[in-house]
Each structure stands twice: as C-alpha cells, then as structure tokens.
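Protein chains in written order, with the working numbering: chain A, 6 to 216; chain B, 6 to 216; chain C, 6 to 216; chain D, 6 to 216.
There are 4 protein chains.
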Amino acid sequence: MLRRQWLGRDWVQVFRESYAAISRFIMNALDRISDNEIKQLVDTLVNAYNDGKKVLVIGAGRSGLVGRAFAMRLMHLGFNVYVLGETIVPALHPGDVVIAISGSGRTKLVVTAAEVAKSVGATVVSLTTFPESPLGKLSDLIVQIPGRTKVSSEDDYNVRQLIGIYEPLAPLGTLFEITTMVILDSVVSELMMRLGKTEEDLKKRHANIEI
Amino acid sequence: MLRRQWLGRDWVQVFRESYAAISRFIMNALDRISDNEIKQLVDTLVNAYNDGKKVLVIGAGRSGLVGRAFAMRLMHLGFNVYVLGETIVPALHPGDVVIAISGSGRTKLVVTAAEVAKSVGATVVSLTTFPESPLGKLSDLIVQIPGRTKVSSEDDYNVRQLIGIYEPLAPLGTLFEITTMVILDSVVSELMMRLGKTEEDLKKRHANIEI
Amino acid sequence: MLRRQWLGRDWVQVFRESYAAISRFIMNALDRISDNEIKQLVDTLVNAYNDGKKVLVIGAGRSGLVGRAFAMRLMHLGFNVYVLGETIVPALHPGDVVIAISGSGRTKLVVTAAEVAKSVGATVVSLTTFPESPLGKLSDLIVQIPGRTKVSSEDDYNVRQLIGIYEPLAPLGTLFEITTMVILDSVVSELMMRLGKTEEDLKKRHANIEI
Amino acid sequence: MLRRQWLGRDWVQVFRESYAAISRFIMNALDRISDNEIKQLVDTLVNAYNDGKKVLVIGAGRSGLVGRAFAMRLMHLGFNVYVLGETIVPALHPGDVVIAISGSGRTKLVVTAAEVAKSVGATVVSLTTFPESPLGKLSDLIVQIPGRTKVSSEDDYNVRQLIGIYEPLAPLGTLFEITTMVILDSVVSELMMRLGKTEEDLKKRHANIEI
C-alpha cells in the first residue's frame, strides 16, 4: 500500500519531516508578509474597537476554524465580535468590519457572504493568498498570506523553492491555515499593545464556565 | 494607555516579535516531542481506521478548534470521525477512540466527557502539557505537548529559557494551541503514508459544497 | 414603554395567548400539508438510506437549527447525515440528498449552497413556504410549509384568517420554524415505520457521551 | 421488516397520526405549565436585560438546538446572549443568567456546566421535566416542562393517558423538545410586550448577512 516515495522511511520519520517542513515554512513566511498590510489590519480593528463597531469573522472549513480562534481572542480583548454560522450573529451596519479568510479567495459561501457584507456598508478585510481572486477583488483591504492553497498550482513552484516541501507533508490548505493562525495570533499581541491590555485582562474575559 | 514594556516600539514591531517568538517556539518544540508517543497515537488511529472504529474529538475553546481542524483531515483521510458538541455525534462503543485536547488537562467539560467515554469502553488519547492532570490520569495514552498553558506557572520558566518569550507575545494557551495544530497536521502526513493516501485522495473527500 | 395593544393585559397573559395561537396554528396546518409531498420526501429518504447515499441538511438561522434537530434523528435512524457549516461535511456525489430549509426560499447562503449541490448532481429537496422562490425553483422536490415567513406579506392575510394570529404573538419566521419541526418529527415516525426501527434502535445510536 | 403495529396502515398515515399526536400534546400541555414559573422566568430575563447582565444558554443535543433558537430571539430582542459550546462565550459574573435545558435533568455536561455557573455566582434557570433531578436541585428557578423524556418511564403513563400517544409517534425527547420550543417562543412574545419591542425592532437586529 506504500507509495514509492515513502519507501525506506521509518515510522514517525514522516511526522518529523512534515513538522520540520511546516515550521520552516512558518518561519520563512514572515519575510513575505507586508508590514503595511498588517498595520492597516490592526488600524482597522483598533478603530472598530474604539468606535464600538462589530467585527464579524467569515471562513469555511479549516480557514473558518482559524478565524474562530482569532475571534475568541478578539472577545478576550473586549471586541464585539461574531462568527458567521454561529447562533449569535447580529445585523451588520456601515462601519462594521468583516474579516474574511479564504486561501483561494474563491470559496463560494465566503464570497457570497462578503458580497452581502459589502452591500450593507461593512468594511471587508480579506486574508487570502490570491489578491486577484473574487474575494480579493471585492475587499477594502487585503492581507496576503503566503501559502500553497487548495487550488493553487503556479504557487507550488515558489513553495517548493522556498522550503523544499512537497505535497504530502502539508496537504491542501495546511500551510495557509497554520500561517494564518500564527499571523492572527501575532496581530493579537500587536492589539494588546495598541489597546493597553495585559494577559490578565484577557484572562478576565476568558469563558470561566469551561475551566 | 501604553505599558512601559511597549515604549519605544514601532507599530507592527510587536507583531513581528510575536511572530518570530511563536515560530521559534514551534520549531524548537519538535525536540521535546516524544517519538514513541506519536507512534502510539498513529498506531491507535491506524487501528481504528482498519477496524472501522469511530474517532471522537473533544476539546473546549481554541483547543477544541484545533481538534476540529484535525477532525476535518481525518474525514478527508476516510475516518469515521466526529466532534463533541456538533449535531452529529453517535454513541461510542468499546474500541472507539477519543482524542481529548486540553493544555491544562483540567478543563471541566473535557474531563467530564473523557470520563464518560472511558465508562463506555472507549480508548482515551489526550494531548496535554500536564500528564499528571485529571485528564492525563484517566487517559490510556498521553501525547505531551510543549506549551505554556493557561494555568501553568512553573512551566513559564522553561518557556522563557527556551525562547525568551514573555507573555504578551503569546498570551494564555496560544503556544499550546498552535504547537498542537502543527503536531496534528504532521500526524496527518504520517497517516497519509501509513494508509497509502495521496493528496488527491484527500481532495476527493473534501466538502465540494464549500468551494 | 407599553404599546397600546398590550394595555390591560396581565403579565403572562400574552404568553398564554401566544402559546394558544402557535399551537392552534400547528394543529390547523396539518390540513394544508400535501400527503403527496410528504410521501415523496419519505421515499427520497428511504431510497437514500437503502442505497447508502449521504443526506446533507442546509439552513440558516432558526431554520438551520430545526434542520439540525432533524439531522440528529436521521443519525439515530442510521442515516449517513451531515449538516452544512459543521466540521464534518463530506463531498457530495450524484444521488446524495440535500434537505434545504428556508421559509422565504431566498436566504442567500442557502440558495448558493443548493445551487452548488445541484451542480454536483445531488437531489435537492426544499422545505419552504414559497415554491416560486429561487430555492423552490431549483429544487427537485418541494414540501410546502404553511407559515408566515420573515419576508411574506401577502401571506399574512391568510394566516390571520386562519387563526386570528397577529405578529407579536409569533414574530418573524416563528410559525414556519415550529411547524417545520413538527412536520419533520412526524416524518421521523413515518421513517421508523418504513425502516422497521423501534425507539430502542434510536436510543442505541443516541450519543452516550452526553447522558 | 414492518412491525405488527404498523400493519394495515397506508404510507403517510403514520406521518399524520404522529403530527396529530404531537400537536395535541402541545395544545394540552398549556394547562400543565405554571403561570408562576413563567412569570419568574420572564422577570429574571427582564431584570437581566435592564441591568445589562449576560444570558448564557446551555443544552445538549436537540434540547441545545431549542436553546439556540431561543438565544437567537433574545439577541433579536437586544439581550447580551451567548450559547455554551459556540466560539464566543464570555466569562460569567454574579447576576448573569444561565438558561439550562434538559428533559431528564441528568445530562452530564449540562449539569457540570450549571454547577460551574452556580460557583461563579450566576443565576441558574432550568427547563426540565424532572424538578428532583440533579439539574433541578441546583437551580435557582425551575420551569417544569410536560414531556415524555428520554429516561422517563413513570411519566409515560401520564402521557399515554393524556393524549393516547405511544412511543414511535414521538420517540425519545421529541415532545419535551417541541413543547419547550413553543414555550420559549411564547416567552418571546411576553418579553416583546414587557420590553416594548415590535416585530420591526426584532427584524432590525436579525442577521442581514444571511438574507
């Protein structure tokens, strides 16, 4: 059942190669992230916080899960934040912020939701690998994420060059999703600084019914 | 509103420091992960796959989201996999596998659910930083995850030594959650090899109604 | 703060009027449900069960929750059933069945998802008040549900005639949602009979980790 | 494959019998609901609204879905409302209100969560068929719901007497769940009156990104 490429490898060796490849990709990706785009994302969020605007996070599949992890931290920071698809999703108004996450920028439900958000006057910020995608084109702000996404192929060459990774070590959108998670968790630190929040402040807002 | 520690830093500099600290932590964590524990986790999952047993993923908060991201990949690999708290959760039977994720190992709902799982004869595999925690103690198998978790303090010293990170650069369970995600995505690669699956196989099982 | 219409009512009296109006609506709705449409819905589900096809339930908001309640029972009956928006959603193939629930038949995300489902060859069954809606038009089978839906107005007249209900006693899609829940739970009984299942069979598949 | 009890019935006849039995049960249940308990539930919610307190809805399985449907309406009414198990769940403080739904009053995760809620000073309101259950005993307020629940047996006799229903026409917790939904939707009408809200007010807060 083994494919040729795995022959001769010990068990767990693939685990280690994959782990090393993913973490190298994450580390190298930092140089490919635009300071300016991050600054604009942070500014947009800080303004929403100060103006009492809502933030709605949109994403499908694993990108949606990464978005939820970010939404939780925004709640810990004191934001009025919501996740599309959950029970509690309020009406959006002009000035509210939508964070849309899609590696390909073509996920239908995400594009549809972002279009509706635009039509009610919300600001759409996209995290995507493809600024020229349907999602990218309708966005007010794009944070371009390095990643080998589900549908990319031209991007594959760069990924391989960069880290020598090949597909089974990080299938489908894995690199996009993990890199986005690290980026958004680093945005949380930037927001803590900008909003003057300590870890203790976050802990106070952390759900105490889970612990 | 700025705290002393942030003085003199440019905007986005904190983002970059946080990103660098997190990715360094991920990279260094590999040496602190037990080959043997990973091998046992993979063996347990491969056996469940071959025997047609169910896998149920349990976790609260961001750990639960990381668990869901893993569950999605297990589905792409062809597992009968479920997530506690979602609509479709079947009855567990002896031989079914529960993957429980909790940095502290003390999250009440996770411990309660793991106890019930044990009582119906399921095998409980825990990913936690604290093997001596209530969750750890009731588990059949523990994969110890390096991490500075929500409730740790004795662990903090080691974390600082290791990477010079301090709390606002990765608040609460951030390091545990991201490291667990990288570990589980690397387990996916190992499983692809063990089960003879290609990325194309995964793509075929990926929800086509999202794209 | 009280509106004129409430003047002179005791506390809890509105509760009782609402309860009576809703339950009367439910009871009267039975005469407006098509035997033939129910029979076709049941046949479609029985065929999916016998052929090992997947069933995917789609709905937004409270309609989506009613859909999930039905999906749970389908799982208890032994169906391969999934809910759009949850973690575990597999690829759909020709012959798989989509159950789409939308009172107005115009909920964007539901229509988009149903379109995609059609494009991959799935059979789309809609529960809606408006057969001429975008959702209705693309469906292979429609079960028309009596209801005063979010966007209806011409329908209001009939509703008032039928039961003398007025809006605050069942705001927005309330009547649609509850009636749909009763219909689908009655479909469950029909399915139990058709598939030869007892309550004991359902109990065996009920999540034992919740109890 | 047909059981004796179904012999001689036409297709769809069971659907109709089940629908009639369920709707009769709902209608008759009104006389078994305590005005005083409803009044206290409404008062508790109105006070939470006026004092800016949070409301957290807790439930497992289909009871949890009914709870979510209620939570959505509370959001439409302007409450700060959350659902346990979703991404956005804040810390609870004294004076916050927990609505716990469990027919049997013994669902482990619900009882555990309610215990934690009590320990942080929240007010626990339970909707259950069994006031003497573990959930009932720890609650500050109980709304007793007529219902034949998953684990009941002594209750069965009353149910049969009342409406002549027998199990396959409403298996497991069906009657509890639907009756609870009708009760909570009627509470919504009472709250509209008490808080001076119109359907138009609700519509304004309804998620516009779904439509």
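The beta-carbon is built from N, C-alpha and C at its ideal position, and this holds for glycine as well. All figures in this text were calculated on a predicted structure; none of them were measured in a lab.
Compare the C-alpha of residue i against each of the options and name the closest.
i	options	result
valine 102 of chain C	C:Val115, C:Gly126, C:Gly152 and C:Glu91	C:Gly126
phenylalanine 20 of chain B	A:Lys209, A:Leu196 and A:Ala212	A:Leu196
alanine 119 of chain D	D:Glu204, D:Lys142, D:Ser194 and D:Glu137	D:Lys142
glycine 83 of chain A	A:Asn213, A:Ile214 and A:Asp206	A:Asp206
arginine 78 of chain A	A:Ser194, A:Ser138 and A:Ile214	A:Ser194
leucine 70 of chain C	B:Glu91, B:Lys59, B:Ile188 and B:Thr134	B:Glu91
threonine 179 of chain D	D:Arg67, D:Val51, D:Asn213 and D:Ala53	D:Arg67
leucine 200 of chain D	D:Ile214, D:Asn52 and D:Trp16	D:Asn52
serine 144 of chain C	C:Leu46, C:Val17 and C:Glu204	C:Leu46
valine 17 of chain A	B:Asn41, B:Val129 and B:Ser138	B:Asn41
serine 138 of chain C	C:Glu182, C:Val187 and C:Ser109	C:Ser109
alanine 96 of chain B	B:Ala212, B:Thr117, B:Val60 and B:Thr134	B:Val60
asparagine 213 of chain B	A:Arg111, A:Ser191, A:Val130 and A:Asn213	A:Arg111
lysine 208 of chain A	B:Ser191, B:Ala122, B:Pro176 and B:Asp36	B:Pro176
isoleucine 43 of chain C	C:Val192, C:Ser28 and C:Tyr54	C:Val192
isoleucine 27 of chain A	B:Asp36, B:Met198 and B:Val187	B:Val187
Take residue i and list the residues in its own chain whose beta-carbon comes closer than 7 Å to its own, dropping the five residues that flank it on each side.
i	result
valine 115 of chain A	Ile63, Gly64, Ala65, Ala105, Ser107 and Leu140
alanine 25 of chain A	none
glutamate 182 of chain A	Arg67, Ser68 and Val71
proline 136 of chain A	Ile147 and Gln149
valine 129 of chain A	Val103, Ala105, Ala119, Ala122, Lys123, Leu143, Ser144 and Asp145
What three-state label does DSSP hand residue i in the structure shown?
i	result
asparagine 213 of chain D	coil
alanine 127 of chain D	coil
lysine 59 of chain C	strand
isoleucine 38 of chain D	coil
proline 173 of chain A	helix
leucine 146 of chain C	strand
arginine 47 of chain D	For the sequence presented, residue 47 of chain D should be read as valine rather than arginine. Here valine 47 of chain D sits in helix by DSSP.
threonine 133 of chain D	strand
valine 19 of chain B	helix
valine 94 of chain B	coil
Since residue i is in the alpha helix (DSSP H), which residue starts that stretch and which ends it?
i	result
serine 194 of chain C	179-200
leucine 140 of chain C	139-143
What first and last residue would you give for the beta strand (DSSP E) that runs through residue i?
i	result
alanine 76 of chain C	First-last for alanine 76 of chain C: 66-82, but that is the alpha helix (DSSP H), not the beta strand (DSSP E).
isoleucine 106 of chain A	102-106
Can you give me the Cβ contacts of residue i inside the same chain, cut-off strictly under 6 Å, excluding the 5 residues immediately before and after it?
i	result
isoleucine 38 of chain C	none
serine 23 of chain B	Leu174
leucine 132 of chain D	Ile106, Val148, Ile150 and Thr185
valine 88 of chain D	Val62, Arg73 and Ala76
serine 158 of chain C	Annotation note: pLDDT 49 at serine 158 of chain C (below 50); position unreliable, coordinate value reported separately. Closer than 6 Å at the Cβ level, and outside the excluded window around serine 158 of chain C, lies no residue.
leucine 189 of chain D	Phe75
Using a Cβ-Cβ cut-off of 8 Å (strictly less than) and excluding sequence neighbours within five positions of residue i, which residues of its own chain qualify?
i	result
tyrosine 162 of chain D	With a pLDDT of 47 at tyrosine 162 of chain D, under the threshold of 50, the modelled position of that residue is not reliable, and the figure given next carries that caveat. Result list for tyrosine 162 of chain D: empty, nothing under 8 Å.
proline 99 of chain D	Val125, Gly126 and Ala127
threonine 217 of chain D	Look at the range of chain D in this structure, 6 to 216, and you will see that residue 217 of chain D is not part of it.
glycine 217 of chain A	The requested residue 217 of chain A is not part of the displayed model; chain A covers only 6 to 216.
isoleucine 93 of chain D	Tyr87
methionine 80 of chain C	Val86 and Arg210
threonine 202 of chain A	Just to set this straight, residue 202 of chain A is lysine in the shown sequence, not threonine. So the list reads Leu82, Gly83 and Leu196, once near-sequence residues are dropped.
aspartate 160 of chain D	Since pLDDT at aspartate 160 of chain D reaches only 49, below the 50 mark, its modelled position is unreliable, and the value read off the structure follows with that caveat. Hits under 8 Å: Thr134, Gly152, Arg153 and Thr154.
Scan the region 111-129 of chain C for residues whose Cβ lies nearer than 7 Å to a Cβ of chain A and list them as they occur along the chain.
Lys113, Leu114, Thr117, Ala118 and Val121
If contact means a Cβ-Cβ distance below 8 Å, which residues of the region 59-78 of chain C contact chain B?
Leu61, Arg73, Ala76 and Met77
Residues of the region 88-104 of chain B in Cβ contact with chain D at a cutoff of 8 Å, in chain order, please.
Gly90 and Thr92
At a CB distance below 7 Å, what residues from the region 25-41 of chain A approach chain B? Give them in sequence order.
Ala25, Ile27, Ser28, Ile31, Met32, Leu35 and Asp40
Residues within the region 195-208 of chain A neighbouring chain B, beta-carbon criterion of under 8 Å
Glu195, Met197, Met198, Arg199, Leu200, Gly201, Thr203, Glu204, Leu207 and Lys208
Mind listing which residues of the region 181-194 of chain D have their C-beta closer than 8 Å to chain C's C-betas, in chain order?
Glu182, Ile183, Met186, Val187, Ile188, Asp190, Ser191, Val192, Val193 and Ser194
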